[in-house]
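Residue numbers (our numbering), protein chains in the order written: chain P, 9 to 128; chain Y, 221 to 330. Just so it is clear, CB atoms sit at the ideal spot from N, CA and C, and this is done for glycine as well. Computed from a prediction, not measured in an experiment: that's the story for all the values here.
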Amino acid sequence: QLQLQESGPGLVKPSETLSLTCTVSAGSISSSSYFWAWIRQPPGKGLEWIGSIFHTGTTNYSPSLKSRVTISVDTSKNQFSLKLSSVTAADTAIYYCARQVPTPSWFDPWGQGTMVSISS
Amino acid sequence: QSALTQPASVSGSPGQSITISCTGTSSDVGSYNLVSWYQQHPGKAPKFMIYEVNKRPSGVSNRFSGSKSGTTASLTISGLQAEDEADYYCCSYAGSTTWVFGGGTELTVL
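Right under this line is the structure:
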């Protein structure tokens, strides 16, 4: 059964870059049918799609975050990564990675999520 | 691209039915039958419940159903059970390979 696991620092200073990695197990990130997505959830708030990547490196980003987001993939390690630059307190959130079926469009499964706080 | 609009909370008694609305625009919900729904229990990751407006993945109870009219999608839960108490989120394709989620609805089973 496919599993995803997020990893990375739980605390990032304002103005720095948030970096997270999602490791995919029991399945190949190189599958031609799926995208791989990052989604976040600020404390007590709703979900926000950040962006997605295909194993070839093709990316799609949320218009509201596009200027600060970079998603990359490492097929040799079965991992994909998120970098979010110039972070502020508003970027404090639980960050989830998920497999995405672009058509007919769903996110499943999800990683357990990792809390990232932005604070000096 | 704005978040889809959902009621902050809904409630119902065991055995009753409830409906959660998800209102978007002509650029997302209104243009595509690509609405999905997710259930999230406290401290847990979201669980995939509905896709393509009204289709259930295997393993999801048939008490969960979806529909859409114009720019509003809806999730109906019939025969409410205590275990259904959770937050629910809708998500829609919004064109140009972007996706947008709703703000979430807290379901309380009285």
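Which of the residues in the segment 87 to 115 of chain P, read from start to end, lie with their CB under 7 Å from any CB of chain Y? 104, 112, 113, 114, 115
Which residue's Cα is closest to the Cα of residue 268 (chain Y): Y:259, Y:312, Y:274? Y:259
Spell out whether any CB of chain Y is found under 8 Å from the CB atom of residue 57 (chain P). yes
Distance check for residue 254 (chain Y) and residue 238 (chain Y), CA to CA, integer angstroms please. 22 Å
Whole angstroms are fine: how far does the CA of residue 308 (chain Y) sit from the CA of residue 281 (chain Y)? 15 Å
Using DSSP with H/G/I as helix, E/B as strand and the rest coil, what is residue 98 (chain P)? helix
Report the rounded CA-to-CA distance for residue 24 (chain P) versus residue 11 (chain P), giving the unit in angstroms. 29 Å
Looking only at C-alpha atoms, which of Y:264, Y:303, Y:226 sits nearest to residue 249 (chain Y)? Y:226
From what residue to what residue does the beta strand (DSSP E) around residue 331 (chain Y) run? Chain Y is shown only over 221 to 330; residue 331 (chain Y) falls outside these bounds and no answer can be derived.
Counted within 10 angstroms of its Cβ, other Cβ atoms place residue 82 (chain P) as buried (16 or more) or exposed: exposed
Going by alpha carbons, who is nearest to residue 62 (chain P) out of P:31, P:28, P:88, P:18? P:88
Distance cutoff 8 Å, beta carbons only. Does residue 71 (chain P) sit that close to anything in chain Y? yes
Would you call residue 312 (chain Y) buried or exposed, if buried means 16 or more other Cβ atoms sit within 10 Å of its Cβ? buried
At the level of alpha carbons, what is the spacing between residue 125 (chain P) and residue 101 (chain P)? 7 Å
Which residues share a DSSP beta bridge with residue 322 (chain Y)? Y:224
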